[in-house]
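*Asks:*
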Amino acid sequence: MASASSLILVTGGAGFIGSHTVDRLVADGHRVVVVDDLRTGKRANLAHHGALSFAAGSPVELVVADVSHGLFAPLAAVTAAHGPIARAIHLAAQVSVVHSLANPLVDVAVNYVGTVQVLEYARAAGVKKIAFASSAAVYGDTPVVPVVEDAPCRPLSPYGVDKLASELMLGAYAATHGVAATPLRFFNVYGPRQDPSSPYSGVISIFADRARAGKPLTIFGDGQQTRDFVYVGDVARAVVAAAMADGGDGTAMNIGTGRETTVRQLAELIVGLAGTGVAISHAPARAGEIVRSLAAVARVQATLGWQAEVALADGLARTLG
Ligand code: UD2
């Protein structure tokens, strides 16, 4: 285990999942170095941690930098003053699957090269463990659910390919250089601070935003498609558990609840929580829609002792605020 005072690096720590991960680490007594280029991350997501500078007494130091350009220069000053990075949580990413289809080279640069940059830093600096944000997108459209980690991976987007390639590179560094790593394949993560602004934002962030504004929730298709929706606080707990556990040969683990919810059930739950006056409307199904998505969760339970704890209704209530 890391001592409570050792430095933990969180790339992408100003983002949605990243800021919840930082909250968890700070609550556990760690000092956290966040590297974030603030392209999609926001200072406001960390503002409750004060000045975001160790020198000013904050438990969080924010370094504004693009991970894909390398970590040695951005981390030089903070590690010289406050000691080495003990463990790293790599969440910085170009997060849009749709964007990756339009701009595959950007996705390779940020999501794949960014991971190799983290690995190069970890190798040189003797970082004890890396926890990495992978995605259910590595599977593509799996015919069998719940999907186990050993299912064939046939990603359908550059995003999924870059996440899978990153997992493989983590495995190669573990085998060759002894850099311990655990990739976590996130299913559909939701919760406060998720950005609802794009049509391809997570469905819960869109529905919550519309419900708050009294606007109708639009279901694409018949609403019978399913997803495994996992609360961001649970995901942050999994990420921290993976980072703090010693060892890890690059074997990936699903992070989901193991429960399947239809989009219609989801819409009805949100309408119920929002009170009367929010309608449900329908639009044509999305092209290339995945019909069922559900995580098998035995591996992470057995390896990290983690399981999701927040029921969907509770997580939705926290998200709606
Ligand atoms: C993920 C990506 C998405 C796309 C897809 C490819 C996220 C948040 N989204 O989508 O960008 O590349 O993978 O398979 O990672 N829905 C509605 N109404 C809305 C919005 C969504 O009914 O206003 C449905 C949507 O059709 C889908 C479900 O809600 O069945 C979940 O949608 P999502 O975009 O949150 O997540 P997903 O896994 O389909």
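Numbering follows my numbering, with no gaps: position 288 of the sequence shown is 710.
Don't be surprised by glycine CBs; every beta carbon is placed ideally from N, CA and C.
1) Tell me, to the nearest whole angstrom, how far the beta carbon of Val432 is from that of Val448; I am working on the premise that it is less than 8 Å.
2) Can you tell me where the beta strand (DSSP E) holding Ile712 begins and where it ends?
3) Just the Cα atoms here: how many angstroms apart are Ala630 and Phe438?
4) Mind checking Arg509: buried by the 16 CB within 10 Å criterion, or exposed?
5) Taking one C-beta from the region 651 to 662 and one from the region 701 to 716 each time, how about it: are there three or more such pairs within less than 8 Å?
6) Comparing C-alpha positions only, which one of His471, Ala546 and Ala555 sits nearest to His599?
7) Grab me the residues of Val570's own chain with a C-beta within less than 6 Å of its C-beta, minus the 5 sequence neighbours each way, in chain order.
8) Rounding to the nearest angstrom, what Cα-Cα distance links Pro618 and Gly727 in this structure?
9) Can you have a look at His470 and say buried or exposed, based on whether 16 or more other CB atoms are within 10 angstroms of its CB?
10) Would you call Arg446 buried or exposed, if buried means 16 or more other Cβ atoms sit within 10 Å of its Cβ?
11) First and last residue of the beta strand (DSSP E) that includes Thr640?
12) To the nearest angstrom, how far is it from the Cα of Lys637 to the Cα of Gly643?
13) Compare the C-alpha of His442 against each of Tyr595, Gln616 and Val530 and name the closest.
14) Tell me whether Ser556 counts as near ligand 1, meaning its Cβ is closer than 7 Å to at least one heavy atom of that ligand.
15) To the nearest whole angstrom, what separates the beta carbons of Phe476 and His504, a pair I think is in contact under 8 Å?
*Replies:* Answer, in terms of the structure:
1) That pair is no contact at about 10 Å.
2) Looking at the DSSP string, Ile712 is not in any beta strand (DSSP E), and its letter there is neither H nor E.
3) 15 Å
4) buried
5) no
6) Ala546
7) Ala718
8) 32 Å
9) exposed
10) buried
11) Leu639 to Phe642
12) 19 Å
13) Gln616
14) no
15) 6 Å
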